[in-house]
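Peer 1: Right, I'll just put the structure down here and ask away after.
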Amino acid sequence: MNNSFEVRVRKKIPYINDFIFILLIICFIAFWIVDLFFLPVNNTSGEIQTAWYILVFPDFLKNILFYIAIAFIILLPLHLYLRQYKNAVLTFLPGAVSIIGHKLNYHLATDQIKKVFCMDEMDRYGIPKGKMIFYFYIKRRRRIKEFVIRARLKNYEEMDQFMEQLIKYETLEIRMFDVNINFDAGKEI
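Numbering (our numbering), first residue to last: 3 to 191.
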């Protein structure tokens with residue numbers, strides 16, 4: 003029986019990912035508010051819109067727009083980089099789970115893993131997408147939000163073998179979900 007599986011891993015850093023996402027939302031809201039100032043000249047030519055920006059648009063809003071644009075240009079690639087998947091090999095060892103890949107080296111004892119959520123993704127019509135995603139919630143000693151490792155099986159056909167290996171750990175709390183594209187909190191199986 004094979005106990006190693008190829009996976010794609012995305013690590014969620016508790017506060018950094020959320021903070022950057024909130025800043026991007028603030029940038030989008032600010033761009034939308036600035037767009038409201040252009041409503042009177044929305045259907046005019048580009049020259050009139052440029053004149054509107056130069057002559058009527060307040061200077062403090064021009065400065066704010068400049069800084070928001072710079073922040074957006076910096077934050078968007080950073081957000082996309084943090085959401086990247088990395089190739090790795092997940093190995094089930096006696097009493098532990100090992101995830102090793104490029105710049106990834108996790109050796110998680112089963113008593114460190116708080117919960118495992120297994121999700122078989124489906125589209126909005128209920129047809130499986132062929133993607134099995136696993137969330138490993140890791141306990142922390144400090145009061146920081148849980149450390150989360152998201153792994154997706156590279157080969158969907160190995161799902162049954164993967165689940166057989168995962169179920170061997172009796173101390174783990176494993177939950178199965180059937181997730182639709184509209185994320186209605188899933189239906190527990």
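Note that CB positions come from ideal geometry on N, CA and C, so glycine has one too.
1. Please say whether Arg177 and Lys117 have beta carbons closer to each other than 8 Å?
2. Would you call the CB atoms of Tyr171 and Val150 closer than 8 Å?
3. Can you tell which of Asp125, Ile140 and Gln86 has the C-alpha that lies nearest to the C-alpha of Lys133?
4. For Phe21, which residues of its own chain have a beta-carbon under 8 Å away from its beta-carbon, when the five flanking residues on both sides are left out?
5. My understanding is that Asn19 touches Leu80, with C-beta atoms under 8 Å, so please give their C-beta distance in whole angstroms.
6. Can you have a look at Val9 and say buried or exposed, based on whether 16 or more other CB atoms are within 10 angstroms of its CB?
7. What residues are listed by DSSP as bridge partners for Lys1?
8. Is it the case that the region 31-47 contacts the region 62-74, given that we only count it when at least three CB pairs across the two stretches are under 8 Å?
Peer 2: Working from what's here:
1. yes
2. no
3. Asp125
4. none
5. Going by Cβ atoms, the distance from Asn19 to Leu80 rounds to 10 Å, so no, they are not a contact pair.
6. buried
7. Because the chain here runs from 3 to 191, residue 1 falls outside it and cannot be looked at.
8. yes
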